[in-house]
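Asker: These protein sequence lines are chains W and P, in that order. Residue numbering for the first sequence follows numbering that gives the first Met the number 0, beginning at 0 and increasing consecutively. Residue numbering for the second sequence follows numbering that gives the first Met the number 0, beginning at 0 and increasing consecutively. Before I ask anything, let me first share the structure, which is written out below as C-alpha cells.
There are 2 protein chains.
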Amino acid sequence: MDAAIPKRQRIKQRNRQSILDGARRVFAEQGYGAATIRDIIRATPLAAGTFYNYFTSKEDVRLALNAEMAAALRPRLSEGRAQAATAEEFLSAFFSAVFAVKAETGTVLEAIDLRAGFEDLRTDLEDAVARGLFLPLDSSALAAALLAAADEIAKRLATDGGDAAQATAAATLLFLRGIQPPV
Amino acid sequence: MDAAIPKRQRIKQRNRQSILDGARRVFAEQGYGAATIRDIIRATPLAAGTFYNYFTSKEDVRLALNAEMAAALRPRLSEGRAQAATAEEFLSAFFSAVFAVKAETGTVLEAIDLRAGFEDLRTDLEDAVARGLFLPLDSSALAAALLAAADEIAKRLATDGGDAAQATAAATLLFLRGIQPPV
DNA sequence: CAACAAAGTTGACCACCCGTCACGGAACTG
DNA sequence: CAGTTCCGTGACGGGTGGTCAACTTTGTTG
C-alpha cells in the first residue's frame, strides 16, 4: 500500500504510540499512582491483551513516556550552556531551564526524571572545564549533584511555592563559590 | 491489670508495631514494590480488615516505617556536625554519615527518605553560620541541596559501586569551594 | 492467485487484591 | 453484673493483572 514500510510495522508503531498517548492523558487526569493498565487501554481502541505486546507494566509505560518527553525537552535543557562564557552563566542557564521544564511537565508526570539529560550535562560540563570555566572536578559526580539539587529545589518550588528566579540565583551562587567564607 | 496503661491501648500499640515489623520483613524479602498489603498482614497474626484500622495504604506503612528508621538514625546522622570546627569537617561528617546509613538501610527500604533529618540539618547549618563557619546562605535551600546531592551520590555508590571515602572527599570539596576557579 | 505460514489482536478467564462491613466477643463503665 | 463502646474478624463485591486459545489479517511461496 504505502511505500517501503510494510503495513504490519506501521500498525505496530501506531499502536505503541496509541498506548503512550492514552497513558499521557490518563496520567494527567488521575495521576500516575491512581491509573491502572486497564484505564490506559480503555483510553485506546485496543484490547487488554494487546497492552502486553508493547509494554510489560505500568512502570514500563512511565519510563517510555518519560523518555519521550525528556527527548523532546533535551534541546531546551542544554540551551544556553554551550555559549556560556562564565561559570555563573552556565549554572544560571542550567538551573533556570530545569525549574521551567519541571514546572511545565508537572501535570503529566509529577516528577519527570531528567537523568535522561545526564549525559548531555556531563559532556557540557567537560567542555566547560576544557574552556577553563570550571575547576576540573569529577564531571560525573558533579552532574549527579547538580541534577539532584536542581530536582529537589524544583520540588520545593512546586509545593511550597517560591520565586524561580530567586531560587536560580541562590543555587547558582551556592555551586559557584561553595559555602566557605573567603579567606 | 498492668499499671496505668489500659489494656486496649497496649493492644493497639502492639498491633501497630506488629504490622510495622511484618512490613519490615516483607519489604526486606520481596522489595517494596512487589509486596502487597495481604503479604504484610499475613506476616502477622492479624486479619485483613485490621490493617485498615492502623494504616490507610501500603504507602502509609512505608512512611511510618521510614519515620521509625529515620528516628533511630537521627543521632548517628548529626553526629560530628555540632563539634565541627571548620566547614570542611562539617561537610565531611555529613556526607560520610549519609553514605554509611544509606548503605545499611538499603536492604529494607531501598531508598530511605532522610528528609526526616532535614530540620536537624537545617538547624545545624544555622548554628554553623552563627559560628562563622559558613557564608550566610538560605539554610533551607542549602539543606535541601545537600540532602538531595548526598542522596543521589549514595545511590550511585550503591549501584555503580565506588569508594565512599573518596566520594565524601569529592562532595565535600564541591560544596566547600564551588566549581569556580579561584581568581 | 490460491493456499499456507506467520504475526498479532481480541476478550474471556482465573487468581488475587483492595477496601468494606455486619457480626461477635472482649474491654471499659458505673 | 448489665450496658456500652471499641475493635478484631473474615467473607464479600468490584476490580485488576497477566494469560491464552481462537480468530483475523498480513506477508509469502509455488
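Heads up, the beta-carbon is just placed ideally off N, CA and C, and yes, glycines get one too.
(1) For residue 171(W) and residue 70(W), what's the separation of their Cα atoms in angstroms?
(2) Which of the three DSSP states is assigned to residue 18(P) in this structure?
(3) Just the chain W side, please: which residues come within less than 7 Å of residue 137(P) by C-beta, in chain order?
(4) What does residue 150(W) reach in chain P if we use C-beta pairs closer than 7 Å?
(5) Please tell me whether residue 87(W) has its Cβ less than 9 Å away from any Cβ of chain P.
(6) If you count every other CB in all the chains shown that lies within 10 Å of the CB of residue 106(W), and 16 or more means buried, which is it?
(7) For residue 144(W) and residue 151(P), I'd like the C-alpha separation in whole angstroms.
(8) Alpha carbon to alpha carbon, how far is residue 142(W) from residue 26(P)? Give it in angstroms, no decimals.
(9) Using a 10 Å radius around the Cβ and a threshold of 16 neighbouring Cβ atoms, would you call residue 123(P) buried or exposed?
(10) Measure the Cβ-Cβ separation of residue 18(W) and residue 4(W) and say whether it is below 9 Å.
(11) On a CA-only basis, which of 109(P), 137(P) and 53(P) is nearest residue 12(P)? Give me that one, please.
(12) For residue 100(W) versus residue 113(W), is the C-beta spacing smaller than 9 Å?
(13) Give the interface partners of residue 176(W) over in chain P, defined as CB-CB distance under 8 Å, in chain order.
(14) Going by other Cβ atoms of all chains shown within 10 Å of its Cβ, with 16 needed for buried, is residue 2(W) buried or exposed?
(15) Among 180(P), 33(P) and 174(P), which residue has its Cα nearest to the Cα of residue 90(P)?
(16) Could you name the residues of chain P that residue 140(W) contacts, counting a contact when the two beta carbons are closer than 8 Å?
(17) Within the continuous alpha helix (DSSP H) that includes residue 94(W), where are the two ends?
(18) Excluding the 5 residues preceding and the 5 following residue 15(W) in the sequence, name in chain order all residues of the same chain whose CB lies nearer than 8 Å to its CB.
(19) Using three-state DSSP, classify residue 120(W) as helix, strand or coil.
(20) Got a sec: is the Cβ-Cβ distance from residue 143(P) to anything in chain W below 9 Å?
(21) When you compare the stretch 76 to 95 of chain P with the stretch 157 to 168 of chain P, are there three or more beta-carbon pairs, one atom per stretch, that lie closer than 8 Å?
(22) Could you tell me whether the Cβ of residue 90(P) comes closer than 9 Å to any Cβ of chain W?
(23) Rounded to whole angstroms, what's the CA-CA distance from residue 189(P) to residue 47(P)? Just pull it up for me.
(24) Would you give the residue range spanned by the alpha helix (DSSP H) that residue 165(W) belongs to?
(25) Does residue 131(W) have its Cβ less than 9 Å from a Cβ in chain P?
(26) What three-state label does DSSP hand residue 4(W) in the structure shown?
(27) Just mark residue 21(P) as buried or exposed, buried being the case when its beta carbon has 16 or more other beta carbons within 10 Å.
(28) To the nearest angstrom, how far is the alpha carbon of residue 28(P) from that of residue 136(W)?
Answerer: In this structure, then:
(1) Position 172 of the first sequence, counting from 1, holds the residue named residue 171(W). Position 71 of the first sequence, counting from 1, holds the residue named residue 70(W). So the two alpha carbons sit approximately 25 Å from each other.
(2) To locate residue 18(P), count along the second sequence from 1; it is residue 19. It is helical.
(3) What you label residue 137(P) is simply residue 138 of the second sequence in a count that begins at 1. Correct list: 169.
(4) Here residue 150(W) is taken as the residue at index 151 of the first sequence, counted from 1. Those are 147, listed as they occur along chain P.
(5) Residue 87(W) sits at position 88 when you count from the first residue of the first sequence. Taking Cβ atoms only, chain P reaches closer than 9 Å to residue 87(W), which makes this a yes.
(6) By 1-based counting over the first sequence, the position of residue 106(W) is 107. That one is exposed.
(7) Taking the first residue of the first sequence as position 1, residue 144(W) is located at position 145. Taking the first residue of the second sequence as position 1, residue 151(P) is located at position 152. Their backbone Cα atoms lie some 7 Å apart in a straight line.
(8) Residue numbering aside, residue 26(P) sits at position 27 when the second sequence is read from its first letter. Residue numbering aside, residue 142(W) sits at position 143 when the first sequence is read from its first letter. Approximately 31 Å, taken between the alpha carbons.
(9) Residue numbering aside, residue 123(P) sits at position 124 when the second sequence is read from its first letter. The residue is buried, with at least 16 neighbouring Cβ atoms inside 10 Å.
(10) In the first sequence, residue 18(W) corresponds to position 19, counting from 1. In the first sequence, residue 4(W) corresponds to position 5, counting from 1. No; because the gap between Cβ atoms is not below 9 Å, this pair is not in contact.
(11) The residue given as residue 12(P) occupies position 13 in the second sequence. Among 109(P), 137(P) and 53(P), the Cα nearest to that of residue 12(P) is on 53(P).
(12) Numbered from 1 along the first sequence, position 101 holds the residue referred to as residue 100(W). Numbered from 1 along the first sequence, position 114 holds the residue referred to as residue 113(W). Yes, the pair counts as a contact, with Cβ atoms nearer than the cut-off.
(13) For the purposes of this step, residue 176(W) is taken as residue 177 along the first sequence, with counting starting at 1. Under the 8 Å cutoff, chain P gives 134, 176, 177 and 179.
(14) Locating residue 2(W) in the first sequence gives position 3, where the first residue counts as 1. Because residue 2(W) carries a pLDDT of 47, less than 50, the predicted location of this residue cannot be relied on, and the following value inherits that uncertainty. Residue 2(W) comes out exposed.
(15) By one-based count along the second sequence, residue 90(P) stands at place 91. Looking at the Cα atoms, 174(P) is the closest of the given residues.
(16) On the first sequence, position 141 is the one that residue 140(W) refers to. Per Cβ cutoff of 8 Å: 152, 155, 166, 169, 170 and 173.
(17) Counting from 1 along the first sequence, the entry for residue 94(W) is found at position 95. Here the alpha helix (DSSP H) through residue 94(W) covers 86 to 104.
(18) Taking the first residue of the first sequence as position 1, residue 15(W) is located at position 16. Answer for residue 15(W): 53, listed in chain order.
(19) In the first sequence, counting from the first residue as 1, residue 120(W) sits at position 121. Correct three-state label for residue 120(W): helix.
(20) Within the second sequence, numbered from 1, the residue matching residue 143(P) stands at position 144. For residue 143(P), the answer is yes, since a Cβ of chain W falls inside 9 Å of its Cβ.
(21) yes
(22) Sequence index remark: in the second sequence, residue 90(P) carries index 91 (1-based). Chain W, which has a Cβ nearer than 9 Å to the Cβ of residue 90(P), makes this yes.
(23) The question about residue 189(P) has no answer here: the residues shown for chain P are numbered 0 through 182.
(24) For the purposes of this step, residue 165(W) is taken as residue 166 along the first sequence, with counting starting at 1. Here the alpha helix (DSSP H) through residue 165(W) covers 163 to 176.
(25) For the purposes of this step, residue 131(W) is identified with residue 132 of the first sequence, where counting begins at 1. Answer yes: the Cβ-Cβ gap between residue 131(W) and chain P drops below 9 Å somewhere.
(26) For the purposes of this step, residue 4(W) is taken as the residue at position 5 of the first sequence. Of the three classes helix, strand and coil, the one that applies to residue 4(W) here is coil, per DSSP.
(27) Indexing the second sequence from 1 puts residue 21(P) at position 22. It is buried - the Cβ of residue 21(P) has at least 16 other Cβ atoms within 10 Å.
(28) Position 29 of the second sequence, counted from the start, is the residue given in the question as residue 28(P). Position 137 of the first sequence, counted from the start, is the residue given in the question as residue 136(W). Using only the alpha carbons, I get a separation of about 39 Å.
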